[in-house]
Structure formats: structure tokens, C-alpha cells
Amino acid sequence: APLQGHTCKFRGAIDDQLISGLTEPQTHELYGTSLPIAAFMPGLAEWSAHYLTANGSAPGPNTLEAYDAVKLAADAIRRAGSTDPAAVRAAIAGTSGLTLRSGPVRFQTDGTRIDPMFLLLTVRAGAFALVTDNHAGTG
4 APLQGHTCKF RGAIDDQLIS GLTEPQTHEL YGTSLPIAAF MPGLAEWSAH
54 YLTANGSAPG PNTLEAYDAV KLAADAIRRA GSTDPAAVRA AIAGTSGLTL
104 RSGPVRFQTD GTRIDPMFLL LTVRAGAFAL VTDNHAGTG
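Those letters in the sequence shown? Residues 4 to 142, per this note's numbering, in order.
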């Protein structure tokens, strides 16, 4: 379990203002989860470089999620053969075998994603850092 042994004190909101001005003791063993963020995913370096070239700025904390949502919607419209909301909704629900930047995507009957990707982050030297294993001192 990726969070085994860690107590999460923040979830989803990765903004440097959250940790600005905090002291080392205040951030010691501070862990939290986040949706995928390209800056913490080395496998997306090429995609991030293309994004930077095309847009003049690096991908932000929600860029990857938005990119994947647009790709999913475009795929669903193509499969539905229509932009009719009910047809697109049904196509999204039936998605199988589609791999997005955040990984393979499938949905449960309640509409939630099966095996969504989350990152485990901590704070080191006043900045968010990816925890790459289950040990507090590494990452």
C-alpha cells in the first residue's frame, strides 16, 4: 500500500502557498496525495517539453488531468459517432483499452475510475517532492 506508514495531512491541493513560510519542524513527516502532476513524473518529460514549447509555460498542477479529460472526451465522441450528451456519456462509461498520460482508463458502474493514479508527496527543503518509495527519508 503506497500510504502505509504515512499520515496524510494534505490531499489534492499542490500549491506552494500551502507550505510557504512553514518551518522544517512544521513540515517534518508531512505527506499527502495528489492527482498526477507532470512535474513529478519523469516519464512525461518529453510531453512536458512539447507543452512548454507550444504554450510558453510548463504544465500546471491540473494540466495533465485536463489533457486526459479532453483526450477521453474526444475518444468517446469518436466511438459514439455523435456529440449527443447521452451517447457520449455511454461511450465514456464503456471505455476500455484506452491509455491516457495518467495510465489506462476504465470506469466502475458508479462512474469512478478503476485504479486511478495518485502521487505520494512530501515537503523537502521548502518544496513539494515525490516520495518514490515507502521510506520517509528518500524520494
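Built from N, CA and C at the ideal position, the CB exists for glycine as well.
Opposing strand residues paired with residue i [DSSP bridges]
i, result
"Ala-191", "Any property of residue 191 remains undetermined from this structure, which presents the chain solely from 4 to 142."
"Thr-102", "Pro-107"
"Arg-92", "For Arg-92, which the question treats as bridged, DSSP gives no partner whatsoever."
"Arg-81", "DSSP output for Arg-81 lists no bridge partner at all."
Residue j beta carbon less than 8 Å from that of residue i
i, j, result
"Thr-36", "Phe-131", "no"
"Ala-57", "Trp-50", "no"
"Thr-30", "Val-134", "no"
"Gly-97", "Ile-22", "no"
"Glu-68", "Pro-107", "no"
"Ala-83", "Ala-90", "yes"
Proximal residues to residue i (C-beta, below 7 Å), its chain only, five neighbours per side dropped
i, result
"Ile-117", "Arg-109, Phe-110 and Gln-111"
"Ala-139", "Confidence in Ala-139 is poor, its pLDDT being 41 and thus under 50, which makes the residue's placement too unreliable to answer from."
Beta-carbon proximity list for residue i, same chain, < 8 Å, skipping 5 on both sides
i, result
"Asp-18", "Pro-64"
"Ile-95", "Leu-75, Ala-76, Ala-79 and Phe-110"
"Thr-141", "With a pLDDT of 34 at Thr-141, under the threshold of 50, the modelled position of that residue is not reliable, and the figure given next carries that caveat. Closer than 8 Å at the Cβ level, and outside the excluded window around Thr-141, lie Val-134 and Thr-135."
Proximal residues to residue i (C-beta, below 6 Å), its chain only, five neighbours per side dropped
i, result
"Ser-99", "Arg-109"
"Pro-62", "Ala-41, Ser-51 and Tyr-54"
"Leu-103", "Asp-71 and Lys-74"
First and last residue of the uninterrupted alpha helix (DSSP H) at residue i
i, result
"Ser-60", "That residue, Ser-60, is in no alpha helix (DSSP H); it is neither H nor E in DSSP."
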